[in-house]
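In the working numbering, the protein residues as written are 8 to 294.
Here a beta-carbon is modelled for each residue, glycine too, at the ideal position from N, C-alpha and C.
No experiment lies behind these values; they were computed from the predicted model shown.
Below is one structure, written out as structure tokens, with a few remarks after it.
Have a look at this one:
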């Protein structure tokens, strides 16, 4: 059983595909399925998880979201208790809310996305999700997160909250499939999973920005001075760019958090790894 609210969507700007969910059910993220360049699925209510991976399989074979959903439901012996939504790589959307799903239950389809919910306090939930997604700023993950927050603001699940997930994949399949997932953050058991999901998403963005910065893009995260791992590697980069005072100030975040960071500097310097030389260590540890 997974009675919940969710959104499936395709970003019109990037072609990314995504699905996000929140439910009072441990590990509710299992309802989320997506494949780069293919589509995304949410399968919920008295959920038949088969509709997720097998719906993706049908879309990968060339079926539209509409046809994939129709075929899946034709094989379901209890479609009246299911709620399933699919979006394909061409922004086609299909959604089904069974006649016997627990109220309040319903869905709304937008341009390249669908919001659906069941066992809600109020029938305004999916409409609020729709509007929040349209009006939100940022990338697909953040807009879907805004949609989830809007659902909760309307009362959400009558049982409360427990688990949530955001899954975003790229617009096309790659020769290295393990690089197709852009975001996959899940909270399996938490008193406020949306707050935790928001926190984890910002941390992921901080790490992503660190990678971009190291590749030469001028992107710095506000969390650079809060997350020891990011502060450590940014300080190494700053030293190598001659910005010594900034580097020493930033590395303190890591050094004050755990003694192992200083040891890591020393060990890396022995083999001149990760841009860390003996001179780097002396500069960073200079008092």
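Please report the distance separating the alpha-carbon of residue 29 from that of residue 14. In the chain shown, the residue the question calls residue 29 occupies position 22. In the chain shown, the residue the question calls residue 14 occupies position 7. Their backbone Cα atoms lie some 10 Å apart in a straight line.
Need the endpoints of the beta strand (DSSP E) that residue 42 sits in, please. Taking the chain shown and counting its residues from 1, one reaches residue 42 at position 35. Unbroken beta strand (DSSP E) run through residue 42: 39 to 42.
On the DSSP letters alone, give me the boundaries of the beta strand (DSSP E) that residue 115 sits inside. Your numbering for residue 115 matches position 108 in the chain shown. First-last of the beta strand (DSSP E) with residue 115: 113 to 117.
Write down every uninterrupted run of the alpha helix (DSSP H) in the segment 27 to 112 whose length is 4 residues or greater and which is fully enclosed by it, in chain order. 58 to 67 and 72 to 81
In the DSSP assignment, find the alpha helix (DSSP H) that holds residue 274 and state where it starts and stops. As a first step, residue 274 must be located in the chain shown, where it is residue number 267. From DSSP, the alpha helix (DSSP H) with residue 274 extends over 267 to 277.
For residue 125, is the classification buried or exposed, using 16 other Cβ atoms within 10 angstroms of its Cβ as the cut-off for buried? The residue labelled residue 125 in the question sits at position 118 within the chain shown. Buried is the call here.
Segment contact, 8 Å Cβ cut-off, at least three pairs: the segment 261 to 275 with the segment 232 to 241: yes
Count the other C-beta atoms from every protein chain shown that fall within 10 angstroms of the C-beta of residue 181, then say buried if there are 16 or more, exposed otherwise. Stepping through the chain shown from its first residue, residue 181 is reached at position 174. So residue 181 ends up on the exposed side.
Compare the Cα-Cα distances from residue 59 to each of 162, 31 and 91 and report the closest residue. Walking along the chain shown from the start, residue 59 turns up at place 52. Per the Cα distances, 91.
Between the C-alpha atoms of residue 21 and residue 147, what's the straight-line distance to the nearest angstrom? To locate residue 21, count along the chain shown from 1; it is residue 14. To locate residue 147, count along the chain shown from 1; it is residue 140. The straight-line gap from Cα to Cα measures roughly 9 Å.
Pairwise C-alpha distance: residue 280 and residue 123: As a working note, residue 123 is residue 116 in the chain shown. As a working note, residue 280 is residue 273 in the chain shown. Approximately 50 Å, taken between the alpha carbons.
Among residues of its own chain, excluding the 5 on either side of residue 127, which ones have a beta-carbon nearer than 6 Å to its beta-carbon? Residue numbering aside, residue 127 sits at position 120 when the chain shown is read from its first letter. The residues are 111.
Using the Cα positions of residue 245 and residue 213, report the straight-line distance between them to the nearest angstrom. Walking along the chain shown from the start, residue 245 turns up at place 238. Walking along the chain shown from the start, residue 213 turns up at place 206. Roughly 17 Å between the two C-alpha positions.
Between which two residues does the alpha helix (DSSP H) carrying residue 152 extend? By 1-based counting over the chain shown, the position of residue 152 is 145. Here the alpha helix (DSSP H) through residue 152 covers 147 to 160.
Could you name the residues that DSSP lists as bridge partners for residue 24? Within the chain shown, the letter at position 17 stands for residue 24. In the DSSP output, where bridge partners are listed per residue, residue 24 has 17 and 176.
Could you check which residue in 171, 78, 252 and 278 has the C-alpha nearest to that of residue 291? Your numbering for residue 291 matches position 284 in the chain shown. The option with the nearest alpha carbon to residue 291 is 252.
Looking only at DSSP bridge pairs, what is residue 120 linked to? Taking the chain shown and counting its residues from 1, the one referred to as residue 120 is at position 113. Beta-bridge pairing links residue 120 to 16 and 117.
Go to residue 191, then tell me how far its beta strand (DSSP E) extends in each direction, as first and last residue. Against the chain shown, residue 191 aligns to sequence position 184. Segment 188 to 194, the beta strand (DSSP E) holding residue 191.
With a threshold of 16 other CB atoms inside 10 Å of the CB of residue 154, please say whether the residue is buried or exposed. What you label residue 154 is simply residue 147 of the chain shown in a count that begins at 1. Residue 154 should be labelled buried.
Quick one: give me the first and last residue of the alpha helix (DSSP H) that residue 259 is part of. As a working mapping, residue 259 is identified with position 252 in the chain shown. 251 to 264 is the extent of the alpha helix (DSSP H) around residue 259.
My output table needs one value for residue 136: the three-state DSSP class, helix, strand or coil. As a working mapping, residue 136 is identified with position 129 in the chain shown. Three-state result, residue 136: helix.
Between 108, 141 and 113, which lies nearest to residue 119 when the distance is taken from Cα to Cα? Reading the chain shown from its first residue, position 112 is the one you call residue 119. Closest by alpha carbon: 141.
Paired residues, beta bridge with residue 131 - DSSP: The sequence position of residue 131 within the chain shown is 124, counting from 1. The partner list for residue 131 (beta bridge, DSSP) is empty, contrary to what the question assumes.
Assuming residue 41 contacts residue 72 under a Cβ cut-off of 8 Å, what Cβ separation, rounded to an integer in Å, is found between them? Locating residue 41 in the chain shown gives position 34, where the first residue counts as 1. Locating residue 72 in the chain shown gives position 65, where the first residue counts as 1. The Cβ separation is near 12 Å, so there is no contact.
Look at the alpha carbon of residue 68 and the alpha carbon of residue 256, and state the distance between them as a whole number of angstroms. Against the chain shown, residue 68 aligns to sequence position 61. Against the chain shown, residue 256 aligns to sequence position 249. Spanning the two alpha carbons is a distance of roughly 54 Å.
Identify which residue in 178, 24, 188 and 190 has its Cα closest to the Cα of residue 47. Reading the chain shown from its first residue, position 40 is the one you call residue 47. Minimum Cα distance to residue 47 is reached at 24.
Since residue 135 contacts residue 158 with CB under 8 Å, what's their CB separation in whole angstroms? Here residue 135 corresponds to residue number 128 of the chain shown, with the count starting at 1. Here residue 158 corresponds to residue number 151 of the chain shown, with the count starting at 1. Yes, they are in contact, since the Cβ atoms of residue 135 and residue 158 sit about 6 Å apart, within 8 Å.
For residue 278, which residues from the same chain have a beta carbon less than 7 Å from its beta carbon, with the 5 sequence-adjacent residues on both sides left out? Numbered from its first residue, the chain shown carries residue 278 at position 271. None.
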